[in-house]
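Numbering (our numbering), first residue to last: 14 to 374.
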(Lines of atoms letter the chains of each structure in order from A and count residues from 1; the text may use other names and numbers.)
(Lines give C-alpha, C1' and ligand atoms only; values in the text may rest on other atoms or scores of the structure.)
Protein backbone atom coordinates (compact mmCIF):
# COMPACT_ATOMS: atom_id res chain seq x y z
CA UNK A 1 0.00 0.00 0.00
CA UNK A 2 2.74 2.44 0.97
CA UNK A 3 4.35 2.14 -2.46
CA UNK A 4 1.18 3.48 -4.03
CA UNK A 5 1.21 6.76 -2.12
CA UNK A 6 1.98 9.56 -4.57
CA UNK A 7 2.92 11.71 -1.57
CA UNK A 8 5.96 9.47 -1.03
CA UNK A 9 7.09 9.47 -4.67
CA UNK A 10 10.09 11.45 -5.87
CA UNK A 11 9.49 14.89 -7.31
CA UNK A 12 11.58 16.23 -10.16
CA UNK A 13 11.29 19.62 -11.85
CA UNK A 14 13.69 21.97 -13.61
CA UNK A 15 14.40 23.53 -10.20
CA UNK A 16 13.90 20.80 -7.59
CA UNK A 17 14.91 17.19 -7.05
CA UNK A 18 13.17 15.90 -3.92
CA UNK A 19 13.04 12.46 -2.30
CA UNK A 20 9.29 12.82 -1.73
CA UNK A 21 6.47 15.35 -2.09
CA UNK A 22 6.22 16.13 1.64
CA UNK A 23 7.45 19.48 2.91
CA UNK A 24 7.75 20.82 6.41
CA UNK A 25 5.96 24.18 6.55
CA UNK A 26 7.70 27.18 8.14
CA UNK A 27 6.97 27.14 11.87
CA UNK A 28 7.77 29.95 14.29
CA UNK A 29 9.06 28.37 17.52
CA UNK A 30 10.63 31.33 19.43
CA UNK A 31 13.78 29.55 20.56
CA UNK A 32 16.53 31.68 19.04
CA UNK A 33 19.49 32.61 21.18
CA UNK A 34 21.60 35.72 21.69
CA UNK A 35 21.66 37.99 18.65
CA UNK A 36 18.72 36.08 17.17
CA UNK A 37 20.97 33.18 16.23
CA UNK A 38 19.98 29.53 16.04
CA UNK A 39 21.71 27.06 18.32
CA UNK A 40 22.35 23.37 18.90
CA UNK A 41 18.72 22.51 19.58
CA UNK A 42 17.80 23.95 16.18
CA UNK A 43 20.42 21.73 14.57
CA UNK A 44 18.83 18.72 16.24
CA UNK A 45 15.27 19.86 15.41
CA UNK A 46 15.85 20.23 11.68
CA UNK A 47 18.11 17.17 11.46
CA UNK A 48 15.33 15.05 13.02
CA UNK A 49 12.96 16.13 10.23
CA UNK A 50 15.38 15.89 7.30
CA UNK A 51 13.55 12.94 5.69
CA UNK A 52 10.98 15.45 4.39
CA UNK A 53 11.36 16.09 0.69
CA UNK A 54 11.90 19.73 1.61
CA UNK A 55 12.26 21.60 4.90
CA UNK A 56 11.25 25.25 5.03
CA UNK A 57 12.75 26.99 8.03
CA UNK A 58 10.92 29.10 10.53
CA UNK A 59 10.48 32.71 9.42
CA UNK A 60 13.80 34.53 9.72
CA UNK A 61 13.92 38.30 9.72
CA UNK A 62 15.82 40.14 7.03
CA UNK A 63 16.74 43.13 9.21
CA UNK A 64 16.44 44.39 12.80
CA UNK A 65 13.32 46.33 11.70
CA UNK A 66 11.62 43.15 10.49
CA UNK A 67 11.18 41.53 13.93
CA UNK A 68 7.73 40.98 15.38
CA UNK A 69 8.03 38.18 17.92
CA UNK A 70 10.42 37.26 20.74
CA UNK A 71 13.43 35.01 20.12
CA UNK A 72 12.98 34.52 16.37
CA UNK A 73 16.10 33.98 14.25
CA UNK A 74 17.46 36.33 11.62
CA UNK A 75 19.53 36.12 8.47
CA UNK A 76 21.06 39.61 8.41
CA UNK A 77 24.20 39.30 10.58
CA UNK A 78 27.41 37.31 10.24
CA UNK A 79 26.69 35.52 13.53
CA UNK A 80 23.29 34.46 12.23
CA UNK A 81 24.77 33.19 8.96
CA UNK A 82 27.38 31.18 10.86
CA UNK A 83 24.78 29.69 13.22
CA UNK A 84 22.55 28.59 10.33
CA UNK A 85 25.50 26.82 8.65
CA UNK A 86 25.36 24.11 11.32
CA UNK A 87 21.69 23.50 10.53
CA UNK A 88 22.12 23.26 6.77
CA UNK A 89 25.16 20.99 7.12
CA UNK A 90 23.24 18.62 9.40
CA UNK A 91 20.26 18.48 7.03
CA UNK A 92 22.46 17.87 3.98
CA UNK A 93 24.31 15.07 5.77
CA UNK A 94 20.91 13.37 6.09
CA UNK A 95 20.33 13.83 2.32
CA UNK A 96 17.74 16.53 3.01
CA UNK A 97 16.97 19.84 1.33
CA UNK A 98 16.21 23.08 3.17
CA UNK A 99 14.98 26.54 2.18
CA UNK A 100 14.88 29.50 4.57
CA UNK A 101 11.80 31.68 4.91
CA UNK A 102 12.62 35.38 4.57
CA UNK A 103 10.42 37.43 6.89
CA UNK A 104 9.42 41.02 7.52
CA UNK A 105 6.35 41.45 9.71
CA UNK A 106 5.69 45.12 8.83
CA UNK A 107 2.93 46.59 11.01
CA UNK A 108 2.63 43.32 12.96
CA UNK A 109 5.46 44.42 15.22
CA UNK A 110 5.88 46.59 18.31
CA UNK A 111 8.47 49.19 19.35
CA UNK A 112 9.66 46.79 22.08
CA UNK A 113 11.27 44.70 19.30
CA UNK A 114 12.50 47.69 17.29
CA UNK A 115 14.59 49.67 19.74
CA UNK A 116 11.63 51.95 20.44
CA UNK A 117 11.04 52.74 16.76
CA UNK A 118 7.67 52.61 15.05
CA UNK A 119 6.92 49.56 12.94
CA UNK A 120 7.15 50.06 9.17
CA UNK A 121 4.18 49.46 6.88
CA UNK A 122 2.78 50.56 3.51
CA UNK A 123 0.41 53.00 5.25
CA UNK A 124 -0.16 54.31 8.76
CA UNK A 125 -2.98 51.86 9.40
CA UNK A 126 -2.86 49.82 12.58
CA UNK A 127 -4.18 46.42 13.50
CA UNK A 128 -6.36 45.49 16.47
CA UNK A 129 -4.21 42.43 17.17
CA UNK A 130 -1.94 42.18 20.21
CA UNK A 131 1.82 41.68 20.16
CA UNK A 132 3.12 38.75 22.19
CA UNK A 133 6.19 40.02 24.05
CA UNK A 134 8.26 39.04 27.05
CA UNK A 135 6.35 41.74 28.93
CA UNK A 136 3.05 40.07 28.06
CA UNK A 137 0.53 40.98 25.36
CA UNK A 138 0.74 44.59 24.20
CA UNK A 139 -1.41 46.56 21.77
CA UNK A 140 0.40 47.13 18.48
CA UNK A 141 0.66 50.90 17.84
CA UNK A 142 -0.13 52.53 14.49
CA UNK A 143 2.85 51.93 12.17
CA UNK A 144 4.85 54.44 10.15
CA UNK A 145 4.06 54.71 6.44
CA UNK A 146 7.28 53.78 4.66
CA UNK A 147 9.12 56.42 2.68
CA UNK A 148 10.24 55.66 -0.85
CA UNK A 149 13.81 55.16 0.35
CA UNK A 150 12.63 52.80 3.12
CA UNK A 151 10.78 50.72 0.53
CA UNK A 152 13.88 50.53 -1.65
CA UNK A 153 16.16 49.61 1.26
CA UNK A 154 13.70 46.95 2.46
CA UNK A 155 13.63 45.34 -0.99
CA UNK A 156 17.42 45.28 -0.85
CA UNK A 157 17.24 43.77 2.67
CA UNK A 158 15.24 40.88 1.22
CA UNK A 159 17.86 40.40 -1.49
CA UNK A 160 20.73 40.54 1.01
CA UNK A 161 18.86 38.04 3.19
CA UNK A 162 18.65 35.71 0.21
CA UNK A 163 22.36 36.06 -0.50
CA UNK A 164 23.13 35.45 3.17
CA UNK A 165 20.97 32.32 3.06
CA UNK A 166 23.02 30.91 0.20
CA UNK A 167 26.20 31.72 2.15
CA UNK A 168 24.70 29.80 5.08
CA UNK A 169 24.21 26.73 2.89
CA UNK A 170 20.47 26.87 2.24
CA UNK A 171 19.22 25.34 -0.98
CA UNK A 172 16.98 28.33 -1.58
CA UNK A 173 14.66 30.90 -0.02
CA UNK A 174 10.93 31.32 0.42
CA UNK A 175 9.69 34.92 0.57
CA UNK A 176 7.01 35.27 3.24
CA UNK A 177 4.15 36.94 1.41
CA UNK A 178 1.34 35.49 3.52
CA UNK A 179 -0.45 35.82 6.87
CA UNK A 180 -0.80 39.59 6.93
CA UNK A 181 2.93 40.39 7.04
CA UNK A 182 4.69 43.13 5.05
CA UNK A 183 4.44 41.78 1.48
CA UNK A 184 0.80 40.87 2.14
CA UNK A 185 0.20 44.35 3.58
CA UNK A 186 1.39 45.96 0.34
CA UNK A 187 -0.82 43.66 -1.72
CA UNK A 188 -4.09 44.31 0.09
CA UNK A 189 -6.07 47.53 -0.10
CA UNK A 190 -7.21 47.26 3.51
CA UNK A 191 -3.63 47.98 4.64
CA UNK A 192 -2.23 49.82 1.60
CA UNK A 193 -3.69 53.28 0.96
CA UNK A 194 -0.61 54.68 -0.78
CA UNK A 195 -0.95 57.10 -3.69
CA UNK A 196 2.43 56.48 -5.31
CA UNK A 197 3.59 53.66 -7.60
CA UNK A 198 3.29 51.16 -4.70
CA UNK A 199 -0.40 51.82 -4.01
CA UNK A 200 -3.78 52.25 -5.61
CA UNK A 201 -4.29 49.82 -8.49
CA UNK A 202 -3.75 46.07 -8.22
CA UNK A 203 -0.71 46.47 -10.47
CA UNK A 204 0.81 49.07 -8.16
CA UNK A 205 0.05 47.17 -4.96
CA UNK A 206 1.69 44.10 -6.48
CA UNK A 207 4.85 46.01 -7.33
CA UNK A 208 6.60 45.63 -3.96
CA UNK A 209 6.22 41.84 -3.87
CA UNK A 210 7.06 41.37 -7.54
CA UNK A 211 10.17 43.52 -7.27
CA UNK A 212 11.35 41.41 -4.34
CA UNK A 213 10.76 38.21 -6.31
CA UNK A 214 12.51 39.56 -9.41
CA UNK A 215 15.46 41.00 -7.50
CA UNK A 216 16.08 37.82 -5.54
CA UNK A 217 15.71 35.62 -8.62
CA UNK A 218 18.23 37.78 -10.47
CA UNK A 219 20.69 37.67 -7.58
CA UNK A 220 20.59 33.99 -6.50
CA UNK A 221 18.70 32.29 -9.36
CA UNK A 222 15.00 31.69 -9.92
CA UNK A 223 15.52 27.98 -9.20
CA UNK A 224 16.40 28.94 -5.61
CA UNK A 225 13.55 31.42 -5.19
CA UNK A 226 10.02 30.71 -3.92
CA UNK A 227 7.16 32.63 -2.32
CA UNK A 228 4.38 31.84 0.13
CA UNK A 229 0.93 33.44 -0.24
CA UNK A 230 -2.41 33.21 1.56
CA UNK A 231 -5.05 34.26 -1.00
CA UNK A 232 -7.81 33.32 1.43
CA UNK A 233 -6.02 34.80 4.43
CA UNK A 234 -7.74 37.09 6.90
CA UNK A 235 -5.18 36.84 9.72
CA UNK A 236 -3.58 39.87 11.35
CA UNK A 237 -6.53 42.02 10.17
CA UNK A 238 -5.55 41.67 6.52
CA UNK A 239 -8.32 42.42 4.03
CA UNK A 240 -8.87 43.28 0.39
CA UNK A 241 -11.96 44.49 -1.44
CA UNK A 242 -11.39 41.97 -4.24
CA UNK A 243 -8.85 39.34 -3.24
CA UNK A 244 -9.81 37.12 -6.17
CA UNK A 245 -8.84 39.75 -8.75
CA UNK A 246 -5.73 40.70 -6.76
CA UNK A 247 -4.31 37.22 -6.47
CA UNK A 248 -5.36 36.22 -10.00
CA UNK A 249 -3.16 39.06 -11.22
CA UNK A 250 -0.26 38.53 -8.81
CA UNK A 251 -0.03 34.77 -9.30
CA UNK A 252 -0.30 35.05 -13.07
CA UNK A 253 2.63 37.49 -12.94
CA UNK A 254 4.65 34.91 -10.97
CA UNK A 255 4.61 32.71 -14.08
CA UNK A 256 7.25 35.07 -15.53
CA UNK A 257 9.93 33.97 -13.05
CA UNK A 258 10.22 30.16 -13.30
CA UNK A 259 10.37 29.88 -9.50
CA UNK A 260 11.30 26.83 -7.44
CA UNK A 261 7.70 26.75 -6.18
CA UNK A 262 4.67 28.76 -5.17
CA UNK A 263 3.50 27.84 -1.65
CA UNK A 264 -0.13 28.65 -0.83
CA UNK A 265 -2.41 28.20 2.15
CA UNK A 266 -5.98 27.05 2.01
CA UNK A 267 -8.23 29.35 4.11
CA UNK A 268 -8.45 28.85 7.87
CA UNK A 269 -12.13 29.81 7.86
CA UNK A 270 -15.29 29.72 5.77
CA UNK A 271 -15.07 32.78 3.52
CA UNK A 272 -18.30 32.19 1.62
CA UNK A 273 -19.97 35.24 3.16
CA UNK A 274 -17.15 37.57 2.04
CA UNK A 275 -17.46 38.77 -1.59
CA UNK A 276 -14.66 38.18 -4.12
CA UNK A 277 -12.79 35.65 -2.00
CA UNK A 278 -11.35 32.23 -2.80
CA UNK A 279 -12.49 29.32 -0.67
CA UNK A 280 -10.67 26.53 -2.55
CA UNK A 281 -7.18 27.86 -3.24
CA UNK A 282 -5.49 24.90 -4.96
CA UNK A 283 -8.49 24.24 -7.19
CA UNK A 284 -8.77 27.90 -8.20
CA UNK A 285 -5.08 28.62 -8.85
CA UNK A 286 -3.86 25.36 -10.36
CA UNK A 287 -5.07 26.39 -13.84
CA UNK A 288 -3.52 29.86 -13.43
CA UNK A 289 -0.08 28.98 -12.07
CA UNK A 290 2.12 27.02 -14.46
CA UNK A 291 4.97 26.12 -12.10
CA UNK A 292 5.41 23.86 -9.08
CA UNK A 293 2.58 24.35 -6.59
CA UNK A 294 2.86 23.51 -2.90
CA UNK A 295 -0.31 23.59 -0.79
CA UNK A 296 -0.72 23.84 2.98
CA UNK A 297 -3.17 23.96 5.87
CA UNK A 298 -5.07 21.17 7.52
CA UNK A 299 -4.03 18.31 5.26
CA UNK A 300 -3.95 14.71 6.45
CA UNK A 301 -2.10 11.81 4.86
CA UNK A 302 -5.28 10.90 2.95
CA UNK A 303 -6.23 14.39 1.76
CA UNK A 304 -2.63 15.21 0.84
CA UNK A 305 -2.40 12.17 -1.41
CA UNK A 306 -5.74 13.09 -2.97
CA UNK A 307 -4.88 16.71 -3.76
CA UNK A 308 -1.79 15.53 -5.65
CA UNK A 309 -3.62 12.65 -7.35
CA UNK A 310 -6.28 15.12 -8.49
CA UNK A 311 -3.60 17.25 -10.12
CA UNK A 312 -4.29 20.27 -7.92
CA UNK A 313 -0.84 20.42 -6.28
CA UNK A 314 2.63 18.96 -6.70
CA UNK A 315 3.76 19.13 -3.07
CA UNK A 316 2.01 19.33 0.31
CA UNK A 317 3.47 20.97 3.40
CA UNK A 318 2.60 20.02 6.97
CA UNK A 319 2.94 22.23 10.03
CA UNK A 320 1.60 20.95 13.35
CA UNK A 321 2.01 17.32 12.28
CA UNK A 322 5.71 18.04 11.80
CA UNK A 323 6.02 19.62 15.22
CA UNK A 324 5.02 16.36 16.91
CA UNK A 325 6.20 13.81 14.33
CA UNK A 326 9.83 14.32 13.33
CA UNK A 327 9.63 11.10 11.30
CA UNK A 328 6.39 12.00 9.52
CA UNK A 329 7.57 10.50 6.22
CA UNK A 330 8.31 7.16 7.86
CA UNK A 331 4.98 7.16 9.69
CA UNK A 332 3.09 7.86 6.47
CA UNK A 333 5.07 5.10 4.75
CA UNK A 334 4.02 2.58 7.41
CA UNK A 335 0.55 4.05 7.96
CA UNK A 336 1.64 4.28 11.60
CA UNK A 337 -0.11 6.24 14.38
CA UNK A 338 0.86 9.88 14.81
CA UNK A 339 1.98 11.69 17.97
CA UNK A 340 -0.32 14.43 19.25
CA UNK A 341 1.17 17.91 19.54
CA UNK A 342 1.32 19.96 22.73
CA UNK A 343 0.20 23.48 21.85
CA UNK A 344 1.47 24.89 25.15
CA UNK A 345 5.06 24.32 23.98
CA UNK A 346 4.75 25.79 20.47
CA UNK A 347 6.34 29.11 21.49
CA UNK A 348 8.19 28.23 24.68
CA UNK A 349 11.88 27.56 25.24
CA UNK A 350 14.24 24.62 25.40
CA UNK A 351 13.89 21.08 24.09
CA UNK A 352 10.49 20.31 25.61
CA UNK A 353 7.96 20.21 22.79
CA UNK A 354 10.77 20.94 20.32
CA UNK A 355 13.17 18.02 19.98
CA UNK A 356 11.73 15.49 22.45
CA UNK A 357 8.84 14.06 20.40
CA UNK A 358 9.53 10.34 19.89
CA UNK A 359 10.31 8.73 16.56
CA UNK A 360 9.24 5.19 15.73
CA UNK A 361 12.86 4.08 16.02
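Every residue, glycine too, gets a C-beta built ideally from N, C-alpha and C.
The beta-carbon distance between residue 308 and residue 329, rounded to whole angstroms, is 6 Å. This is short enough to meet the 8 Å contact definition. Counting other Cβ atoms within 10 Å of its Cβ, residue 353 stays below 16 and is therefore classed as exposed. Residue 282 counts as exposed, since fewer than 16 other C-beta atoms from the protein chains shown sit within 10 angstroms of its C-beta. Sixteen is the threshold: when 16 or more other Cβ atoms of the shown chains lie within 10 Å of the Cβ of residue 136, as they do, the residue is buried. Annotation: residue 91 to residue 17 spans about 45 Å, alpha carbon to alpha carbon. In this model, residue 331 and residue 316 are separated by some 12 Å (Cα to Cα).
Counting C-beta pairs closer than 8 Å gives three or more between the region 82-89 and the region 42-51, which meets the contact rule. In the three-state reduction of the DSSP assignment, residue 185 falls in the strand class, which pools E and B. Taking all protein chains in view, the Cβ of residue 37 is crowded by 16 or more other Cβ atoms within 10 Å, so the residue is classified as buried. Judged by beta-carbon spacing, residue 272 lies within the 8 Å limit of residue 238, meaning their Cβ atoms are closer than that value. Put simply, of 142, 83 and 59 the residue whose alpha carbon is nearest the alpha carbon of residue 107 is 59. The DSSP assignment places 195-200 and 215-233 as complete runs of the alpha helix (DSSP H) inside the region 171-246, in order along the chain (cut-off: 4 residues). Per DSSP, reduced to three states, the secondary structure at residue 31 is strand. When DSSP reads this structure, residue 146 sits in a beta bridge with 149. Buried is the label assigned to residue 78, since at least 16 other Cβ atoms lie within 10 Å of its Cβ. Residue ranges of uninterrupted alpha helix (DSSP H) with 4 or more members, entirely inside the region 35-76 and ordered along the chain, are 53-61. Distances from the alpha-carbon of residue 158 to those of 172, 110, 209 and 149 put 209 closest.
Going by DSSP, residue 116 is part of the beta strand (DSSP E) stretching over 111-116. DSSP places residue 330 in the strand class (E or B) of the three-state scheme.
Counting C-beta pairs closer than 8 Å gives three or more between the region 121-135 and the region 194-206, which meets the contact rule. In this structure, the beta-carbon distance from residue 40 to residue 110 does not fall below 8 Å. Here residue 126 is actually not in contact with residue 327; their C-beta atoms are around 36 Å apart, not less than 8 Å. Rounded to the nearest whole angstrom, the CA to CA distance from residue 44 to residue 114 is 16 Å.
For residue 306, the uninterrupted beta strand (DSSP E) run begins and ends at 306-309, by DSSP. Within a 10 Å sphere around the beta-carbon of residue 74 sit 16 or more other beta-carbons, which makes this residue buried. For residue 24, DSSP records a beta bridge to 31. Across the structure, residue 187 and residue 112 are spaced so that their CA atoms are roughly 7 Å apart. Spatial neighbours of residue 334 in its own chain (CB-CB distance under 7 Å, excluding positions within 5 residues in sequence) are listed in chain order as 341 and 351. Between the alpha carbons of residue 62 and residue 339 lies a gap of roughly 5 Å. For residue 298, the CB contacts under 6 Å within the same chain, skipping 5 residues up- and downstream, are 264 in chain order. Within the same chain, 44, 364, 367 and 368 come within 7 Å of residue 54 by CB-CB distance, once the 5 residues on both sides are set aside. Within its own chain, the residues whose Cβ lies closer than 8 Å to the Cβ of residue 270, once the five positions on either side in sequence are excluded, are 226, 227, 230, 235 and 238, listed in chain order.
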